[in-house]
Amino acid sequence: MHSLPIDHSIILRNLFGITPKQNQAVIALAGNPNVGKSTLFNALTGLRQHTGNWPGKTVDNAQGAFTYKDKSFLLIDLPGTYSILAHTVEEEIARDFICFGKPNVTLVVLDATSMERNLNLALQVMEITSNIVVCVNLIDEAKKQNIIVDTTLLENELGVPVIATSARNKTGLKELCETLYLVARGKLITQPKNITYSEEIENAVNILLPKIEQLNIGCILNPRWVALRLLDGDKKIISNICRYLDLQPSKYYEREVEITL
Amino acid sequence: MNYATKSQALSNLWEDSNKIRTTSENIFSDKIVSDIYKSAELIAKKSVRKNSKKLDFTSKLDNILTSKITGYPIMLIILGFILWLTISGANFPSKILAKALFSIQDILTGLFLATGAPDWLHGVLVLGLYRSSAWVLSVMLPPMAIFFPLFTLLEDLGVLPRVAFNLDHLFKKAKACGKQSLTMCMGFGCNAAGVVSCRIIDSPRERLIAILTNNFVPCNGRYPTLIAIGTIFGAGSLAQQYQTTVAAGIITILILIGIAVTFTVSWLLSHTLLKGEASSMVLELPPYRKPKILSVIYRSIIDRTLFVLKRALIIAAPAGAITWIMANVFIGDFSILTHTANFLQPVAGAIGLDGFILLAFILGLPANEIVFPILIMSYLSNGYIVELDSITELQNLLVSNGWTWLTAVNTMIFCLLHWPCATTLITTLKETGSKKWTFLAFLMPTCIAFAVCFILTQTVHILGLI
Chain A
0 MHSLPIDHSI ILRNLFGITP KQNQAVIALA GNPNVGKSTL FNALTGLRQH
50 TGNWPGKTVD NAQGAFTYKD KSFLLIDLPG TYSILAHTVE EEIARDFICF
100 GKPNVTLVVL DATSMERNLN LALQVMEITS NIVVCVNLID EAKKQNIIVD
150 TTLLENELGV PVIATSARNK TGLKELCETL YLVARGKLIT QPKNITYSEE
200 IENAVNILLP KIEQLNIGCI LNPRWVALRL LDGDKKIISN ICRYLDLQPS
250 KYYEREVEIT L
Chain B
0 MNYATKSQAL SNLWEDSNKI RTTSENIFSD KIVSDIYKSA ELIAKKSVRK
50 NSKKLDFTSK LDNILTSKIT GYPIMLIILG FILWLTISGA NFPSKILAKA
100 LFSIQDILTG LFLATGAPDW LHGVLVLGLY RSSAWVLSVM LPPMAIFFPL
150 FTLLEDLGVL PRVAFNLDHL FKKAKACGKQ SLTMCMGFGC NAAGVVSCRI
200 IDSPRERLIA ILTNNFVPCN GRYPTLIAIG TIFGAGSLAQ QYQTTVAAGI
250 ITILILIGIA VTFTVSWLLS HTLLKGEASS MVLELPPYRK PKILSVIYRS
300 IIDRTLFVLK RALIIAAPAG AITWIMANVF IGDFSILTHT ANFLQPVAGA
350 IGLDGFILLA FILGLPANEI VFPILIMSYL SNGYIVELDS ITELQNLLVS
400 NGWTWLTAVN TMIFCLLHWP CATTLITTLK ETGSKKWTFL AFLMPTCIAF
450 AVCFILTQTV HILGLI
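Chains as they are written, first to last, in numbering that gives the first Met the number 0: chain A, 0 to 260; chain B, 0 to 465.
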């Protein structure tokens, strides 16, 4: 993994209104609506919560802290969305935070009773960041409906850790914390697998890739993902990259460019 | 490379990607989403085992209701069936209500005569105010009391999201948002509510399209007019047992025309004034549920029926009084009403209506509900005194005022496509915050209504069909 820019705290504060303490690992909590995301959030953080709005948006933002072993974590509850293709304000917030906020770990919560729909979001997040832990929640509800999720197989398919939980009954939480801890400490390396797209898309991506690599934004974003967004016709990503670059103090920025050039 | 050149490079990159997208007809957005879904489906299939029969039922039903082949016919049948139930069910209570309310009118007239009140007071209060209110009540209450619970029932069952799902790709073809099908459904209840519901559409371009076209689905204020005319003319000449079926068929066709116009105008707008691409949306199909009957009845009767009725009565009562005054104040040989109608006659005649019909639509601007009552009143005040408690009498009244089947068709089409009511316009102004778009929301349907009726009338005349 690349090293984070020194001034990353400025990005977090200015763009997202988040100020983690020193050495505190930031964890983004993503998931579809109604998958028990808030229940999990509450189960992990208890009363140490702070609620407000995302800067400049009328979307709720909740942050909570918890400590596991010797590590302190700041959990950021992202808006519940079905995808992060930025079609709505909520999706844009979730996506931008994962892209530019660069959380140490992104925890994607899935509903065990409708894995097919929920896996979409996990796959989309995996395209942006490799620091990802998948949590299959509502596992008790799935059992009742005779649905069995094979987490080991899923782990192999996705290339990232998968933990089954029931936040309501507080089962699987310890295992989840342990995994978050290991990923945040860099002791557990995740290797998310890429989605294979149809040939025409792969071809178009390959045309755009060299142009994106010339830009040298590889330290911020995965070039392949940027190419896919451009093909999706997502103009916002361009302006958001500009906004992000704008916040980089030029001195630092130019120095970095010199090194890479 | 510094910041400025980098942002320049970014915008160059955007142009490059634009070229690639346009040369391949913008297939990428959909393709990317469907590829992600395919991957998710594949992974889910490998790692999840399901042994549930209940889930199978939902997906089986979904396969039928949202299939490309059976989806549309089933939707159409459901729509037709609901309209048939509404029309056949509303007929009888409508008659009873009309009889009861008009007998009260006789009692009121008797009272006024007994107290020796002046003629004009009796005219304004009883023949104007009371009679138009009675009309609205007897014509509108029964169909609404049947239609709204049925519609709410569909909503509760989980059918409406499937309808939206089916219509999604049609809207996409018109380069509008799939959510527009939901705002369109809302418009069936009330266009003003439909315009407000356009807030669920995130892209400003698509939201404007949805707002501007919402008026093309008939709201409950226009159903009574459509149902009444449809029953009188479409079915009046047929044997009794087919009447309701034919009337329901006519209304279904009209609604389909409205939906077709919605698509056409959306397509035109997104290729001219509001150019752009459609954005995709995720629609979660909720499981089918047993509806809660009590809450359906409560929601549809209290929230919708009574609310709409109250609004209609508040506007209909004074409008009735004004119409009576206009019909009874004479300048020269004719009343103000006749003068105005004569003034409108050339325009109205060209589009196959008459001056009184056009005047009724203009006076009905505050609320579409009162168009038909105003029309009946203006005909009645011209000397044709008829007991209006049966469809045949109504037909006689219209025919004696020169109505043909073409007049009926034109009136229905004009009713379907004409300008939105004042409430909808005010709502549009609030939602768009722009006088320009609000004016377009008024002008566009008006022009379309005039154009369609004009072309239809002239074609029929040229072909010598009438």
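Just so it is clear, CB atoms sit at the ideal spot from N, CA and C, and this is done for glycine as well.
Remember, predicted model here, so these are calculated numbers, not experimental data.
Give the interface partners of residue i over in chain B, defined as CB-CB distance under 9 Å, in chain order.
i: A/N13; result: Near A/N13 there are no residues of chain B at all, since even the closest Cβ is about 16 Å away, more than 9 Å.
i: A/A61; result: Residues of chain B passing the Cβ test: none, with the nearest at roughly 23 Å.
i: A/D149; result: K45, S46, V47, R48
i: A/E199; result: S23, I26, F27, K30
Can you tell me whether residue i is buried or exposed? The criterion is at least 16 other CB atoms within 10 Å of its CB, across all chains shown.
i: A/K173; result: exposed
i: B/I384; result: Here the model assigns B/I384 a pLDDT of 46, short of 50, so the residue's position is not dependable and the matter cannot be decided.
i: B/W119; result: exposed
i: B/D468; result: Past the edges of chain B, shown from 0 to 465, lies residue 468 of chain B, and the structure says nothing about it.
i: B/H417; result: buried
i: B/S58; result: exposed
i: B/A467; result: Since the first residue of chain B shown is 0 and the last is 465, residue 467 of chain B is not available in this structure.
i: A/E198; result: exposed
i: B/D332; result: exposed
i: A/E201; result: exposed
i: B/G432; result: exposed
i: B/E430; result: buried
i: A/C218; result: exposed
i: A/P102; result: buried
i: B/G401; result: exposed
i: B/T322; result: buried
i: A/I10; result: buried
Measure from the C-beta of residue i to each C-beta in chain B and report whether the shortest distance is under 7 Å.
i: A/Y243; result: no
i: A/I138; result: no
i: A/A29; result: no
i: A/L214; result: yes
i: A/A64; result: no
i: A/A203; result: yes
i: A/I237; result: yes
Is there a Cβ from chain A that is less than 7 Å from the Cβ of residue i?
i: B/L397; result: no
i: B/S28; result: yes
i: B/L9; result: yes
i: B/I324; result: no
i: B/S269; result: no
i: B/D61; result: no
i: B/V385; result: In this prediction, B/V385 has a pLDDT of 49, which is less than 50 and means its spatial position is unreliable; nothing more can be read from the coordinates.
i: B/I208; result: no
i: B/S473; result: Outside the shown range of chain B (0 to 465) lies residue 473 of chain B, about which nothing can therefore be said.
i: B/R20; result: yes
i: B/D167; result: no
Taking the alpha-carbon of residue i as reference, which of the options has the nearest alpha-carbon?
i: B/P160; options: B/G70, B/I447, B/L364; result: B/G70
i: A/V161; options: A/K186, A/C134, A/Q144; result: A/C134
i: A/F65; options: A/G51, A/I206, A/L43, A/V58; result: A/L43
i: B/K172; options: B/V264, B/G188, B/W134; result: B/V264
i: B/V459; options: B/K98, B/A320, B/I350; result: B/I350
i: A/L80; options: A/T150, A/V132, A/N31, A/L214; result: A quick correction: the sequence has Thr, not Leu, at residue 80 of chain A. Closest by alpha carbon: A/N31.
i: A/A166; options: A/N33, A/T195, A/K101; result: A/N33
i: B/G188; options: B/P148, B/V162, B/L166; result: B/P148
i: A/D69; options: A/K234, A/L179, A/G232; result: A/L179
i: A/E261; options: A/I75, A/V182, A/T112; result: Not covered by the structure: residue 261 of chain A. The range shown for chain A is 0 to 260.
i: B/P345; options: B/H338, B/T337, B/G354; result: B/G354
i: B/K45; options: A/Y243, A/T151, A/E212, A/L214; result: A/T151
i: A/E214; options: B/S180, B/C218, B/K5, B/P203; result: Per the sequence presented here, residue 214 of chain A reads as Leu, with Glu not at that position. Minimum Cα distance to A/L214 is reached at B/K5.
Could you tell me which chain A residues have their CB closer than 7 Å to the CB of residue i, listed as they occur along the chain?
i: B/A39; result: E115, L118, N119, L122
Which whole-angstrom value is the C-beta distance of residue i and residue j, which I expect to be below 8 Å?
i: B/L60; j: B/Y287; result: 6 Å
i: B/V125; j: B/L107; result: 5 Å
i: A/T164; j: A/I131; result: No, A/T164 and A/I131 are not in contact; Cβ-Cβ is about 16 Å, not under 8 Å.
i: B/L207; j: B/L273; result: 6 Å
i: A/E115; j: B/A39; result: 6 Å
i: B/F146; j: B/I81; result: 7 Å
i: B/L9; j: A/C241; result: 6 Å
What in chain B is Cβ-close to residue i, meaning under 7 Å?
i: A/L152; result: K45, S46
i: A/K210; result: L12, D15
i: A/I97; result: Under the 7 Å cutoff, chain B gives no residues; its nearest Cβ is about 16 Å from A/I97.
Which residues of chain A have a Cβ atom closer than 8 Å to the Cβ of residue i, listed in chain order?
i: B/E276; result: G232
For residue i, return the contacting residues in chain B, with the cut-off set at a CB-CB distance below 8 Å.
i: A/Y196; result: K30, I31, D34
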